[in-house]
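These notes concern the structure reproduced below.
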Amino acid sequence: MKVTQATFEVSAVKPAQYPKDVLPEIALAGRSNVGKSSLINCLIERKNLARTSSKPGKTQTINFYRINDQFYFADVPGYGFARVSKSVREAWGKMMETYFTERKTLKAVIQVVDLRHPPTADDQTMYQFLKYHQLPVIVVATKADKIARGKWQKHLKIVKETLELQPEDPLILFSAETRQGKEELWRVIEAKLEI
Ligand code: GDP
């Protein structure tokens, strides 16, 4: 995918605020600080369109980015940040439930996990939630540059087994640092978008 245009469209907390033109959409989900913003910036080749935040868990809005006037990336707020209050967690849960159940244009969800560690209980819950809603998931295991090449397969296997990854859902090894996996991920995204 050649990204010629990538613009921040809107932040939303409820459906009335989502973009209204009927472009297909790919959502991105992941634990706070997992590397989701870095992944988006790497894909669209912008240094800082999706803000890499030093305060994980702060952004509680769904941020829509319009790409090539062809589709949207919907960046949903990170989960599993221990220090947010119960009321913030509940609001997050409601917002996610609404988005994932009501967004008709949603084609797939990229779930970002850390290749270095087994997926957390929150990662498992997120994956199960997406599967419960029958959404196609693309699991991206990022920060591959942080572990030795010889250990990649072992770590991928742990990700697969811990999430109980379904055979229809691809698992992609990735690094925002080295751009490893970028082309493969774009191919999978294009297939899901049918563009
Ligand atoms: P987010 O909260 O999920 O959006 O995470 P960020 O994209 O802000 O990344 C969190 C931290 O991990 C930052 O310090 C990034 O520089 C770092 N990071 C993200 N992706 C990678 C990667 O692929 N490799 C390495 N080495 N560091 C990464």
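Taking the numbering used here, the leading residue of the sequence shown gets 1242, the next gets one more, and so forth. Every residue, glycine too, gets a C-beta built ideally from N, C-alpha and C.
Per DSSP, the bridge partner or partners of residue i
i	result
Leu-1414	Ala-1382
Arg-1330	None, per the DSSP bridge assignment.
Phe-1314	Ile-1267 and Tyr-1306
Ile-1351	Leu-1269 and Ile-1379
Exposed unless 16 or more other CB atoms sit within 10 angstroms - verdict on residue i
i	result
Val-1317	buried
Tyr-1373	exposed
Val-1429	buried
Val-1354	buried
Gly-1391	exposed
Ile-1351	buried
Gln-1375	exposed
Pro-1360	buried
Beta-carbon proximity of residue i to residue j, cut-off 8 Å
i	j	result
Val-1400	Ala-1385	no
Ala-1349	Ile-1436	no
Arg-1357	Gly-1321	no
Thr-1346	Pro-1265	yes
Gln-1246	Asn-1309	yes
Helix, strand or coil at residue i according to DSSP, with G and I counted as helix
i	result
Gly-1276	coil
Leu-1356	coil
Ala-1257	helix
>> I want to know whether the segment 1400-1414 touches the segment 1348-1365 - three or more CB-CB distances under 8 Å.
In response: yes
> Can at least three beta-carbon pairs, one atom from the segment 1307-1316 and one from the segment 1277-1284, be found at a separation below 8 Å?
Replying inline: yes
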